[in-house]
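K.L.:
Residue numbers for the sequence shown follow the working numbering, so the first one is 1474 and each next one is one higher.
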Amino acid sequence: MHAKTSAKAQQARIQALQAEVDELQNMLGEDENAEQIVSRHIKLLHAYNEAKDAAQILIGKLAAYRHTTIRQLHKDYGLTDDD
């Protein structure tokens, strides 16, 4: 069941949300486009993930060549579980 909201309350909520949007746009910068920033960020994350995957493949091959574990190579090179 939905509670009725008065037109006045709805208008106040709309104005509050618009003020929040305006404030965030000011923080971002007037000439900045949030969608472009998000798109660029996603592209950078894809590139990072591809590089990380390639590095993990190489670490795996190095571990096999040295007859050791990937975990041991991570320890030897000071890499964390997040690396």
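Think of the CB as a built atom: it goes at the ideal place given N, C-alpha and C, for glycine as much as any other residue. Predicted model, so just to flag it, every value in this text is computed and none were measured.
(1) Which of helix, strand or coil does DSSP assign to M1474?
(2) Short check: CB of L1546 to CB of A1537, under 8 Å?
(3) E1503 by DSSP, collapsed to three states: which one?
(4) Compute the beta-carbon to beta-carbon distance between I1532 and I1543, rounded to the nearest angstrom, for a pair I have assumed lies under 8 Å.
(5) Give me the Cα-Cα distance between A1528 and Q1498, rounded to the nearest whole angstrom.
(6) Quick one: measure Cβ to Cβ for L1501 and A1507, integer angstroms, because I've assumed they're closer than 8 Å.
(7) Give the straight-line distance between the Cα atoms of Y1550 and Q1509, rounded to the nearest whole angstrom.
(8) For the alpha helix (DSSP H) that contains H1547, what are its first and last residues?
P.N.:
Well, looking at it:
(1) Because the pLDDT at M1474 is just 47, under 50, the model does not fix this residue reliably, and the point stays unresolved.
(2) no
(3) coil
(4) 6 Å
(5) 38 Å
(6) 6 Å
(7) 37 Å
(8) I1543 to D1549
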